[in-house]
Amino acid sequence: AQKITQTQPGMFVQEKEAVTLDCTYDTSDPSYGLFWYKQPSSGEMIFLIYQGSYDQQNATEGRYSLNFQKARKSANLVISASQLGDSAMYFCAMREGLGSNYQLIWGAGTKLIIKP
Amino acid sequence: EPEVTQTPSHQVTQMGQEVILRCVPISNHLYFYWYRQILGQKVEFLVSFYNNEISEKSEIFDDQFSVERPDGSNFTLKIRSTKLEDSAMYFCASSPRATTRDTQYFGPGTRLTVL
Numbered sequence: 122a123q124k125i126t127q128t129q130p131g132m133f134v135q136e137k138e139a140v141t142l143d144c145t146y147d148t149s150d151p152s153y154g155l156f157w158y159k160q161p162s163s164g165e166m167i168f169l170i171y172q173g174s175y176d177q178q179n180a181t182e183g184r185y186s187l188n189f190q191k192a193r194k195s196a197n198l199v200i201s202a203s204q205l206g207d208s209a210m211y212f213c214a215m216r217e218g219l220g221s222n223y224q225l226i227w228g229a230g231t232k233l234i235i236k237p
Numbered sequence: 172e173p174e175v176t177q178t179p180s181h182q183v184t185q186m187g188q189e190v191i192l193r194c195v196p197i198s199n200h201l202y203f204y205w206y207r208q209i210l211g212q213k214v215e216f217l218v219s220f221y222n223n224e225i226s227e228k229s230e231i232f233d234d235q236f237s238v239e240r241p242d243g244s245n246f247t248l249k250i251r252s253t254k255l256e257d258s259a260m261y262f263c264a265s266s267p268r269a270t271t272r273d274t275q276y277f278g279p280g281t282r283l284t285v286l
């Protein structure tokens with residue numbers, strides 16, 4: 122079974138609109154962290170935002186916020202007031218806390234294109 | 172702001188040749204990682220490294236792969252005999268610790284092309 126599911130392979134959004142990128146996860150570990158990364162066409166992997174499983178509030182970082190619904194096991198990324206520079210691949214990833222797990226488990230990504 | 176660096180940015184090699192990909196993690200980080208991303212596919216974990224030892228490795232990380240921290244700053248991934256299917260973007264990452272809260276910061280990647 123997929124541990125991280127991103128159901129939107131691609132999205133087109135008008136500049137200045139808000140956009141929500143979906144991410145659902147599957148884990149039985151009570152302690153985990155969820156991360157969002159941005160990968161522009163140049164290829165680098167840029168960390169955007171983090172949400173911990175025990176965090177009471179949704180994470181925010183500038184124009185990025187995370188809509189964390191623990192019971193539904195979803196951690197959707199919300200980008201407010203989208204800009205042309207937001208066009209990129211976006212990956213959701215999870216780090217589980219049990220045992221000697223060090224790796225990030227990745228979703229397939231969503232390709233976001235911002236239209237002028 | 173400190174960042175992870177990787178060299179080279181692009182490496183082209185012949186099948187069967189050995190390649191070494193180099194990384195300089197963020198200086199006060201203790202945990203180091205290699206991931207790869209085959210074009211158009213998911214990012215895949217290869218290995219994590221702490222205190223001069225492999226702490227976790229995936230099934231992909233077979234005997235053809237090895238990692239080393241030859242000095243206080245560099246972290247290398249060696250592929251002994253490259254195959255066509257090793258063509259991918261290879262990312263190095265580092266984190267200060269290894270809890271679920273610790274962000275892994277990625278380098279810009281090395282694009283490996285095996286001909």
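Residue numbers (this note's numbering), protein chains in the order written: chain P, 122 to 237; chain D, 172 to 286. All C-beta atoms, glycine included, are put in the ideal place defined by N, C-alpha and C.
C-beta contact flag for residue i and residue j at 9 Å
i      : j      : result
D:P241 : D:N199 : no
P:L155 : P:G183 : no
D:I209 : D:E256 : yes
D:A269 : D:S237 : no
P:Y185 : P:L205 : no
D:T284 : D:Q188 : no
Neighbour list for residue i in chain D, Cβ cutoff strictly below 8 Å
i      : result
P:E182 : Result: empty, since nearest Cβ-Cβ is about 11 Å, beyond 8 Å.
Chain P contact residues for residue i, given Cβ-Cβ distances below 9 Å
i      : result
D:R207 : Those within 9 Å of D:R207 in chain P number zero; the least Cβ separation is about 11 Å.
D:T274 : G154, F156, F168 and Y171
Unbroken beta strand (DSSP E) run spanning residue i, endpoints
i      : result
D:H181 : H181 to T184
P:N188 : Y185 to Q190
P:F156 : Y153 to Q160
Option in the options with minimal Cα separation from residue i
i      : options                           : result
P:M215 : P:V134, P:Q127 and P:Y146         : P:Y146
P:F189 : P:G206, P:Y171, P:L205 and P:E138 : P:Y171
P:F176 : D:L248, D:L217, D:N223 and D:R272 : For clarity, residue 176 of chain P is Asp in the given sequence; the question names Phe instead. Of the listed residues, the one whose Cα sits closest to P:D176 is D:R272.
P:Q135 : P:Y158, P:K124, P:I200 and P:Q178 : P:I200
P:S149 : P:C213, P:Q178, P:N197 and P:A192 : P:A192
Status (buried if at least 16 other CB within 10 Å, exposed otherwise) for residue i
i      : result
D:M186 : exposed
P:D207 : buried
P:K159 : buried
D:L286 : exposed
Contact list for residue i against chain D, beta-carbon separation under 7 Å
i      : result
P:G218 : T271
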